[in-house]
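A.B. asks: Handing you this structure, nothing more for now.
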Amino acid sequence: METLSVGHKIKTLRQSLGLSQRDLAEGICTQALISHIEKNKTTPTVDVFFNIAKKLGAPADYFLETHDNSLDYILEVQYQIRKQVQEHNYEEALNIIKTERKNPIFNNSKYLQFLLWHEAICEYSLNKRYNEAVEAIEEALKLTHKEGNSYSEREIEILISLANFHDSEKKYDLSTKIYQDINDSLKALSYLSDRKIQLRFLFNYSLNRNNVKRYKEAIDLCNKGIILCKQHGFLYSFGEFHYQKGQNLIDLGRKKEALKFLEKAKMIFDIQDNELFANIADKEIKKLQKSLEMTVS
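Here's what the structure looks like:
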C-alpha cells in the first residue's frame with residue numbers, strides 16, 4: 599500500500615471536498631502557504647495544522663497515519679456514484695447512496711453534502727419530483743455555504759444541478775439568476791483545481807440561453823468552451839460545444855455555417871468512440887444537408 603505524505607493527504611482531501619486552496623486557507627493562513635504545504639515544501643505550524651484538519655473535517659491523527667484506508671473508501675464510493683449517474687444508472691446510484699447514508703464515515707458535512715446532492719439528481723431523474731429535489735439541493739448547500747461568501751467549486755457544481763432542475767421545469771428566470779451567481783463566483787476564484795467545472799458551467803448556461811432564444815449569447819458561451827478545451831487539451835465537452843454551437847446557428851438561420859460545426863462535432867465523437875452522440879450528430883447533419891439541398895433547388 600502506498601505511503602502518503604501529509605501534504606498529499608491534505609490536497610487529496612481538499613479536492614474531494616470541492617475546496618480550492620483559497621477556500622482552505624481562508625481564516626487560517628495564506629493560499630501560498632497551503633500550496634507549499636501540499637507540495638511538501640514546508641511543514642505547517644501546530645496551530646495551522648490543527649485548523650486545516652478541523653476545516654477538512656478530519657482528526658489530526660488521520661494526516662499522521664501511514665495509510666488512508668478511510669479516504670480510499672470514501673473516494674471509491676464517490677467515484678462509483680458519479681459513474682452510475684453519468685451512465686444514467688440512477689437506481690443503482692440511489693442504492694449506493696442510501697446504503698452509505700447509514701455509514702458513520704459519511705457524517706462529515708462535506709461528505710454528506712455529496713450524498714444529498716447526488717440523491718437529489720437521482721430522485722429527480724427517476725421521479726421528476728421537482729420540489730423535493732430542490733429542497734434536497736438547498737439542504738446540501740446549507741451544510742457548507744455561508745451567506746455572502748463566493749461559492750466553492752463543489753458548491754458551483756451543486757448549483758449547476760439546481761439550475762438544470764429549474765430549466766427542466768421551464769423556470770428560466772430562476773436558472774438564469776443561478777448562472778449569473780456562478781459566473782460571479784468563478785471570477786472570484788483565483789484558482790480552479792478542476793477546470794471541467796468551468797466547462798460544465800459554460801455548456802449548461804449555453805443550453806439555458808438557447809431555451810430563452812438568446813442564441814447569440816449561447817454561441818458566445820460555446821465559443822468560450824471551445825477555446826478553454828483547446829487551451830487545456832480537453833476532449834471533455836469539446837464535441838458537445840461544437841454540436842450546441844451548430845444547433846444555435848441553425849436557430850439563427852445560418853445553416854451552412856451550422857453544418858461545419860455539426861460535422862466537427864461528429865468527427866470528435868467518432869474519435870472518442872462515442873457512438874450514441876456520433877449517431878445523433880449524423881442524423882442532424884443529414885437532415886440539415888437535405889434542408890440545404892431543398893433550398894438550392
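Taking my numbering, the leading residue of the sequence shown gets 599, the next gets one more, and so forth. A virtual CB, placed ideally from N, CA and C, is assigned to each residue, including glycine. The model shown is predicted, which means the values in this text are computed figures rather than measured ones.
Which stretch, first to last residue, makes up the alpha helix (DSSP H) that contains H606?
C.D. replies: That run of the alpha helix (DSSP H) goes V604 to S614.
A.B. asks: Indicate the three-state DSSP secondary structure (helix, strand or coil) for G837 in the structure shown.
C.D. replies: Helix at G837.
A.B. asks: Using the Cβ count rule (16 or more neighbours within 10 Å means buried), how would you classify K637?
C.D. replies: Classification for K637: exposed.
A.B. asks: Could you check which residue in G655, L805 and D868 has the C-alpha nearest to that of N762?
C.D. replies: When each option's Cα is compared against that of N762, the closest is L805.
A.B. asks: Can you tell me the Cβ-Cβ gap for I754 and I780, rounded? I've got them flagged as a contact below 8 Å.
C.D. replies: The pair is a contact, with the Cβ atoms about 5 Å apart (cut-off 8 Å).
A.B. asks: Considering only C-alpha positions, which residue in the set I679, L611 and V604 is nearest to I912?
C.D. replies: As shown, the chain starts at 599 and ends at 895. That puts residue 912 outside it, with no answer to give.
A.B. asks: With distances taken from CA atoms, which of T742, D868 and D849 is nearest F836?
C.D. replies: When only C-alpha atoms are compared, the closest one is D868.
A.B. asks: Roughly how many angstroms lie between the CA atoms of D621 and Y749, to the nearest whole one?
C.D. replies: In a straight line, the C-alpha of D621 is about 9 Å away from that of Y749.
A.B. asks: Keeping to the same chain, check which residues put their C-beta closer than 6 Å to that of L847; ignore five residues upstream and five downstream.
C.D. replies: Taken in chain order, the residues that qualify are E855 and A856.
A.B. asks: Give the list of continuous alpha helix (DSSP H) stretches no shorter than 4 residues that lie fully inside the segment 737-775.
C.D. replies: Taking only runs of at least 4 residues, the alpha helix (DSSP H) segments lying wholly in the segment 737-775 are 751-766.
A.B. asks: Could you give the DSSP three-state label for D880: helix, strand or coil?
C.D. replies: The answer is helix: DSSP assigns D880 an H, G or I state.
A.B. asks: Evaluate the contact criterion for the segment 794-810 versus the segment 822-842: three or more CB pairs, one atom per stretch, below 8 Å.
C.D. replies: With the cut-off at 8 Å, the segment 794-810 and the segment 822-842 touch.
A.B. asks: Classify K811 as helix, strand or coil using the three-state DSSP reduction.
C.D. replies: Coil, per DSSP.
A.B. asks: My assumption, with CB atoms under 8 Å, is that H830 sits in contact with A863. Please give the rounded CB distance.
C.D. replies: Not quite, the Cβ-Cβ distance comes to about 19 Å (not below 8 Å), so this is no contact.
A.B. asks: So which of F647, V604 and H606 has the shortest CA-CA distance to A623?
C.D. replies: Comparing Cα positions, the closest option is F647.
A.B. asks: Could you round the C-beta distance between S618 and E751 to whole angstroms and report it? I think they count as a contact, below 8 Å.
C.D. replies: Right, their Cβ atoms sit about 6 Å apart.
A.B. asks: With 16 as the cutoff for other CB atoms within 10 Å, does Q711 come out buried or exposed?
C.D. replies: So Q711 counts as buried.
A.B. asks: For the ligand PLP, is there a heavy atom less than 7 Å away from the beta-carbon of L819?
C.D. replies: For the ligand PLP, the structure offers nothing, since it holds no ligand at all.
A.B. asks: Keeping to the same chain, check which residues put their C-beta closer than 7 Å to that of E882; ignore five residues upstream and five downstream.
C.D. replies: Closer than 7 Å at the Cβ level, and outside the excluded window around E882, lie L860.
A.B. asks: Should N693 go down as buried or exposed, given a rule of 16 or more other Cβ atoms within 10 Å for buried?
C.D. replies: Exposed, because fewer than 16 other Cβ atoms sit within 10 Å of the Cβ of N693.
A.B. asks: Any idea what DSSP makes of E689, helix, strand or coil?
C.D. replies: Helix at E689.
A.B. asks: Would the beta-carbon of Y671 fall within 8 Å of that of I703?
C.D. replies: Against a cut-off of 8 Å, the Cβ pair of I703 and Y671 comes out as a contact.
A.B. asks: What does the Cβ neighbour count give for A876, buried or exposed, with the cut at 16 atoms within 10 Å?
C.D. replies: With 16 or more other Cβ atoms within 10 Å, it is buried.
A.B. asks: So R852 is in the alpha helix (DSSP H); what residue range does that whole segment cover?
C.D. replies: That residue, R852, is in no alpha helix (DSSP H); it is neither H nor E in DSSP.
A.B. asks: Whole angstroms are fine: how far does the CA of D782 sit from the CA of S788?
C.D. replies: Near 12 Å, if we compare the C-alpha coordinates of D782 and S788.
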